[in-house]
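Q:
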Amino acid sequence: MSFPMTPAEARVDLSAIRDNVALLRSHAPGALTMVAVKADGYGHGMTAAARACLEGGAERLGTAYIREALELRAEGVTAPILSWIIPPGEPLDEAVAAEVELSAAAPWLVDAIAEAAGRTGRAARVHLKADTGSGRGGSPIADWPALVDRALTRQAEGTIEIVGLWSHFACADIPGHPSIDTQLGAFDEALAVAEKAGAGGSHVIRHIANSAANLTLPRARYDMVRPGIAAYGLSPIPELGDFGLRPAMTLTARLALVKRVPAGSGVSYGHLYVTDRETKLGLVPLGYADGILRHATGRAEVFAGGRRRRIAGRVCMDQFVIDLGDDPLTEGDEVILFGDGSKGEPTAQEWADSLDTITHEIVTGIGSRVPRVYR
Ligand SMILES: *Cc1c(COP(=O)(O)O)cnc(C)c1O
1 MSFPMTPAEA RVDLSAIRDN VALLRSHAPG ALTMVAVKAD GYGHGMTAAA RACLEGGAER
61 LGTAYIREAL ELRAEGVTAP ILSWIIPPGE PLDEAVAAEV ELSAAAPWLV DAIAEAAGRT
121 GRAARVHLKA DTGSGRGGSP IADWPALVDR ALTRQAEGTI EIVGLWSHFA CADIPGHPSI
181 DTQLGAFDEA LAVAEKAGAG GSHVIRHIAN SAANLTLPRA RYDMVRPGIA AYGLSPIPEL
241 GDFGLRPAMT LTARLALVKR VPAGSGVSYG HLYVTDRETK LGLVPLGYAD GILRHATGRA
301 EVFAGGRRRR IAGRVCMDQF VIDLGDDPLT EGDEVILFGD GSKGEPTAQE WADSLDTITH
361 EIVTGIGSRV PRVYR
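Printed below as a string of structure tokens:
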């Protein structure tokens, strides 16, 4: 189905993604770049975002789930892809057959990958992940030598190839946080253990840097950087500014109804907003089902008719209201929820700030009902 006009759309400027990736690469000379395109390309549309990243110079792509990587393969994306969240029961055979690289943080997964490779008849390319202090994914350092051992055994039998050694930061977005040095020290030790055991070599890619580290920690770049949010033009460390990044997404809607109401009119569920004068109300056809968090009630601002307006009353499932005063807005007129800010509209960063969250949550939350439109 395609409609000439839609109630709302997320416009994605692919040239911004290309430029942002080029800028990220300029901050990591000599390193490879793997852009995270998980979660539907941070809400921008996975395949289109992936292609723009590759055009911008990224050599590799990263996804959380194997099924995301397989979707990219089905769309014809041939670049190397690493997937890193792999519970039991995932389609490992398909992943190996499609040459999707796989992260392993525990011996059982190394074995499962090796067995899938045995069935598939081709060696699986594996990145071993160490928990250097993120306290999330990755092998505990105490278990790391055993993980490396198991992988070397499987490598010797020809079922897997160790092509990466990696980790992830907990606090790279908090400049000067003491855990950054601690994690880098632990990563160097984990690399030394792996290399001494025979899992090293110039073909093995070492990587730990997310967007924040890509932009601010030269010593964390190793062989590859692994940015996500910055590729979409959103700052990984807003306190330090925008780093010259350009937001790729503009979220827009068209007013569904405009109506005049008297002073003292309660607006939307719970009547949290009451008009203080005769005024016009405008109905914006986006709601919490589309990722406009209910928590945005009375907090976030949108841009309509050349000025900012705060959301009036409750955000509902499919709609919310803005108070238009006497401004000459009418049904079908465009409302910009957020964009790059160049017209005076709020940015995703401002939405994140007003909702006490990070831009990752704002853009990945935009629902599937909102078409992504590319230019
Ligand atoms: C999402 C993710 C990234 C990218 O993080 P950003 O903060 O968006 O740059 C990098 N590595 C891993 C393992 C991730 O899960």
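With UniProt numbering applied, the sequence shown covers 1 to 375. By construction, the Cβ of each residue, glycine as well, lies at the ideal position given by its N, Cα and C atoms.
Name the DSSP bridge partner or partners of Met34?
A: On the sequence shown, residue 34 is found 34 positions in, with the first residue counted as 1. BP columns for Met34 point to Arg60.
Q: Have a look at the DSSP bridge pairing and note the partners of Val258.
A: Locating residue 258 in the sequence shown gives position 258, counting from the first residue. Its beta-bridge partners are Gly282.
Q: Going straight from the alpha carbon of Met1 to that of Ser265, what length do you get?
A: Start at 1 with the first residue of the sequence shown, and residue 1 comes out as number 1. Start at 1 with the first residue of the sequence shown, and residue 265 comes out as number 265. Its pLDDT being 47, under 50, Met1 is placed unreliably in this model, and the value from its coordinates should be taken loosely. Using only the alpha carbons, I get a separation of about 39 Å.
Q: For the alpha helix (DSSP H) containing Ile322, name the first residue and the last one.
A: Within the sequence shown, residue 322 is the residue found at index 322, counting from 1. From DSSP, Ile322 is part of no alpha helix (DSSP H) but of the beta strand (DSSP E) over 320-325.
Q: Which full runs of the alpha helix (DSSP H) of 4+ residues lie inside the segment 134-179, going along the chain?
A: The qualifying runs are 144-156.
Q: Pair every Cβ in the segment 27-35 with every Cβ in the segment 54-66, then say whether three or more of these pairs are closer than 8 Å.
A: As far as the Cβ criterion goes, the segment 27-35 touches the segment 54-66, which means the pair count is three or higher.
Q: Under DSSP, the beta strand (DSSP E) around Ile292 begins and ends at which residues?
A: Position 292 of the sequence shown holds residue 292. That residue, Ile292, is in no beta strand (DSSP E); it is neither H nor E in DSSP.
Q: Considering Cα atoms alone, identify which of Pro145, Leu165, Phe169, Pro178 is closest to Val204.
A: Along the sequence shown, read from residue 1 onward, the residue named residue 204 stands at position 204. Checking every option, the nearest Cα to that of Val204 belongs to Leu165.
Q: Mapping DSSP to helix, strand and coil, what is Ala109?
A: For the purposes of this step, residue 109 is identified with residue 109 of the sequence shown, where counting begins at 1. It should be noted that the sequence gives Leu, not Ala, for residue 109. In this structure, Leu109 counts as helix in the three-state DSSP scheme.
Q: Taking buried to mean at least 16 other C-beta atoms within 10 Å of its own C-beta, is Arg25 buried or exposed?
A: As a working mapping, residue 25 is identified with position 25 in the sequence shown. Buried.
Q: So if I measure from each beta-carbon to every heavy atom of ligand 1 and keep distances below 5 Å, which residues remain?
A: Those residues, listed in chain order, are Ala36, His168, Asn210, Ser211, Arg226, Pro227, Gly228, Ile229.
Q: Please confirm whether Ile17 and Cys53 have their CB atoms less than 8 Å apart.
A: Position 17 of the sequence shown holds residue 17. Position 53 of the sequence shown holds residue 53. The answer is yes: Cβ separation under 8 Å.
Q: With contact counted as at least three CB pairs below 8 Å, one residue from each stretch, are the segment 132-147 and the segment 96-116 in contact?
A: Yes: the two stretches touch, three or more of their Cβ pairs being nearer than 8 Å.
Q: Can you tell which of Tyr222, Gly158, Ser134 has its C-alpha closest to the C-alpha of Thr182?
A: For the purposes of this step, residue 182 is identified with residue 182 of the sequence shown, where counting begins at 1. Looking at the Cα atoms, Ser134 is the closest of the given residues.
Q: Indicate whether the contact test is met: 3 or more Cβ pairs, each with one atom in the segment 224-242 and one in the segment 302-319, closer than 8 Å.
A: Counting Cβ pairs under 8 Å, fewer than three are found: no touch.
Q: Take the Cβ of Met317 as the centre, count every other Cβ of all protein chains shown within 10 Å, and call the residue buried at 16 or more, exposed below.
A: Here residue 317 is taken as the residue at index 317 of the sequence shown, counted from 1. Answer is exposed; the Cβ neighbour count stays below 16.
Q: What does DSSP give as the partner residue(s) for Tyr374 in the beta ladder?
A: If you number the sequence shown from 1, residue 374 lands on position 374. Paired residues: Val12.
Q: Using three-state DSSP, classify Ala124 as helix, strand or coil.
A: Locating residue 124 in the sequence shown gives position 124, where the first residue counts as 1. Three-state DSSP puts Ala124 in a strand.
Q: From Arg221 to Ile208, what distance separates their C-alpha atoms?
A: Reading the sequence shown from its first residue, position 221 is the one you call residue 221. Reading the sequence shown from its first residue, position 208 is the one you call residue 208. Those two C-alpha atoms are separated by around 7 Å.
Q: Taking the runs of the beta strand (DSSP E) that are 3 residues or longer, which of them lie wholly in the segment 177-248?
A: List check, beta strand (DSSP E) in window: 205-209.
Q: Give the single residue among His127, Val77, Ile66, Gly76 whose Cα lies nearest to the Cα of Gly89.
A: Mapped onto the sequence shown, residue 89 falls at position 89. Among His127, Val77, Ile66, Gly76, the Cα nearest to that of Gly89 is on Ile66.
Q: Buried or exposed: Leu324, going by 16 or more other Cβ atoms within 10 Å of its Cβ?
A: On the sequence shown, position 324 is the one that residue 324 refers to. The residue in question, Leu324, is buried, as its Cβ has 16 or more Cβ neighbours within 10 Å.
Q: Let me know the secondary structure DSSP gives Arg277 once reduced to three states.
A: Taking the sequence shown and counting its residues from 1, one reaches residue 277 at position 277. Looking at Arg277 - three-state DSSP - the assignment turns out to be coil, as it is neither helix nor strand.
Q: Just to confirm before moving on: does the CB-CB distance between Val370 and Glu9 stay below 8 Å?
A: Sequence index remark: in the sequence shown, residue 370 carries index 370 (1-based). Sequence index remark: in the sequence shown, residue 9 carries index 9 (1-based). In this structure, Glu9 lies closer than 8 Å to Val370 by Cβ.
Q: Should Ser368 be counted as a contact of ligand 3 given a C-beta to heavy atom distance under 7 Å?
A: Only ligand 1 can be found as ligands here, which leaves ligand 3 out of the picture.
Q: Is the distance from the Cβ of Ala300 to the Cβ of Leu251 below 8 Å?
A: Locating residue 300 in the sequence shown gives position 300, where the first residue counts as 1. Locating residue 251 in the sequence shown gives position 251, where the first residue counts as 1. Against a cut-off of 8 Å, the Cβ pair of Leu251 and Ala300 comes out as no contact.
Q: Can you look up Ala74 in the DSSP assignment and give me helix, strand or coil?
A: If you number the sequence shown from 1, residue 74 lands on position 74. The answer is helix: DSSP assigns Ala74 an H, G or I state.
Q: Going along the chain, which residues of its own chain have a beta-carbon closer than 6 Å to the beta-carbon of Ile358, five neighbours each way excluded?
A: The residue labelled residue 358 in the question sits at position 358 within the sequence shown. Cβ neighbours of Ile358 beyond the five flanking positions: Ala352.
Q: Among the residues of its own chain, which have a CB less than 8 Å from the CB of Glu161, if the five just before and after it don't count?
A: One-based indexing of the sequence shown puts residue 161 at position 161. So the qualifying residues of the chain are Ala123, Ala124, Arg125, Val126, Gln155.
Q: Hey, would you say Asp93 sits closer than 8 Å to Arg119, going by beta carbons?
A: Looking up residue 93 in the sequence shown gives position 93. Looking up residue 119 in the sequence shown gives position 119. Cβ distance < 8 Å, so Asp93 and Arg119 count as in contact.
Q: Could you tell me whether any Cβ in chain D is nearer than 8 Å to the Cβ of Ala36?
A: Within the model displayed, chain D is absent; a lone protein chain is all it includes.
Q: Is the segment 279-291 touching the segment 328-347, taking contact as three or more C-beta pairs under 8 Å?
A: Yes, since at least three Cβ pairs between the segment 279-291 and the segment 328-347 fall closer than 8 Å, the two stretches touch.
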